[in-house]
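Input: a single structure, listed below in structure tokens.
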Amino acid sequence: MNDRAVQDEIIRYLADARVRAPEEHGAPISASEAAKAARFAHFLARRYYRDRLARSFRYSHRFRAQTRRIVEEVVDTLEFDHFLNECVMGSFDAAQRVGEMALAHLRAAPAPGAWWAELLDYEYCYFLQAATSERAASSGHPAPGVSAVCRRFAWALPEMLPRLRTGEAIHDDLRREVALLFSRTHAGRIYVVEVEPELERVFRASDGQRNVEGIAAVAGVPVEQATPILRSLAEIGAVQP
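Residue numbers (the numbering used here): 1045 to 1285.
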């Protein structure tokens, strides 16, 4: 086994709790060394998710005086300890589980405003991008990015966030439905884009089973319109071409 292969095996051992399971004999090391490796893997995972939670839930963090909670607290819970023994760090499944822990933790706090649940949903969708690094397998047809998600909100989040940043009050003038597409490119750049109905329908029709003509038919747009939309979605990692 060459040096690169050894490095890949070590990274996989530290990132994937399933490989470290005793019945898998994940690495040719002694029991005591395996225990040390597991502790180090847990340290890495806590740091990885703590950092991404802090970056993704930064707006709700501004209300810690009212909620008396911060999102990073979830990585020190018993539930997170159990998660560490099962997770594949960087996978979409793991990001969902940690994101759901974060939502449950913050939703249990007093809401600073009627928009609170919407803000948390926005931050959850952003976290899915920040905490997912796995790549989708090629399907032969346009398919959604691993972590890409399109969500409708009852509040105009793109206009609300700058106000939250400057401490302005949030009023009912921001009650407006918007569709936001969250995605991440292979290079790790995260996009949050407000999308029109046609683009939303094309994204939702891109399930990995349909070709361009099929996507256009389901989305109710001409093929010549669907093609550039798919191209733009691919550029931001929302669709795998």
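All C-beta atoms, glycine included, are put in the ideal place defined by N, C-alpha and C. Model, not experiment: these values are computed from the prediction.
Original post:
Based on Cα-Cα distance, which residue from 1147, 1194, 1097, 1218 lies nearest to residue 1158?
Top reply: 1218
Original post:
How would you write the range of the alpha helix (DSSP H) that residue 1270 sits in, first residue to last?
Top reply: 1267-1279
**OP:** May I ask you to list the residues that DSSP assigns as paired with residue 1169?
**Re:** Its beta-bridge partners do not exist; DSSP assigns none.
**OP:** Compare the beta carbon distance of residue 1262 and residue 1249 with 8 Å and say whether it is the shorter of the two.
**Re:** yes
**OP:** Return the CA-CA distance between residue 1167 and residue 1152, expressed in angstroms with no decimal places.
**Re:** 16 Å
**OP:** Give the range of the beta strand (DSSP E) segment to which residue 1234 is assigned.
**Re:** 1234-1238
Original post:
Per the contact definition of three or more C-beta pairs closer than 8 Å, is the region 1108-1118 in contact with the region 1208-1225?
Top reply: no
Subject >> Identified DSSP bridge partners for residue 1128 >> reply: Paired residue(s): none; residue 1128 is not in a bridge.
**OP:** Flag this pair as yes or no: are the beta carbons of residue 1226 and residue 1173 separated by less than 8 Å?
**Re:** yes
Subject >> 7 Å Cβ shell around residue 1124 - same chain, five flanking residues per side excluded >> reply: 1118, 1145
Original post:
Is it the case that the Cβ atoms of residue 1171 and residue 1097 are separated by a distance below 8 Å?
Top reply: yes
**OP:** Name, in chain order, the residues that DSSP records as bridge partners for residue 1187.
**Re:** 1284
Subject >> Euclidean distance between Cα positions of residue 1203 and residue 1242 >> reply: 22 Å
Original post:
From which residue to which residue does the alpha helix (DSSP H) around residue 1177 run?
Top reply: Looking at the DSSP string, residue 1177 is not in any alpha helix (DSSP H), and its letter there is neither H nor E.
**OP:** Locate the beta strand (DSSP E) running through residue 1228, then write down its first and last residues.
**Re:** 1222-1228
Original post:
Per DSSP, what kind of secondary structure is residue 1254 in: helix, strand or coil?
Top reply: coil
**OP:** Measure from the alpha carbon of residue 1191 to the alpha carbon of each residue in 1182, 1177, 1185, 1130, then state which is nearest.
**Re:** 1177
**OP:** Output the distance between the C-alpha atoms of residue 1237 and residue 1081, rounded to the nearest integer angstrom.
**Re:** 40 Å
Original post:
Thinking just about the alpha-carbon of each residue, which of 1235, 1231, 1213, 1283 is nearest to the one in residue 1245?
Top reply: 1283
**OP:** Return the CA-CA distance between residue 1258 and residue 1184, expressed in angstroms with no decimal places.
**Re:** 13 Å
Subject >> Contact belief for residue 1187 with residue 1137 at Cβ below 8 Å, rounded distance in angstroms >> reply: About 17 Å; that fails the 8 Å criterion.
Subject >> Coarse secondary structure for residue 1107, derived from DSSP in three states >> reply: coil
**OP:** Excluding the 5 residues preceding and the 5 following residue 1266 in the sequence, name in chain order all residues of the same chain whose CB lies nearer than 6 Å to its CB.
**Re:** none
Original post:
Apart from the five residues on each side of it in sequence, which residues of its chain come closer than 7 Å, Cβ to Cβ, to residue 1207?
Top reply: 1214
Original post:
Just the Cα atoms here: how many angstroms apart are residue 1086 and residue 1094?
Top reply: 12 Å
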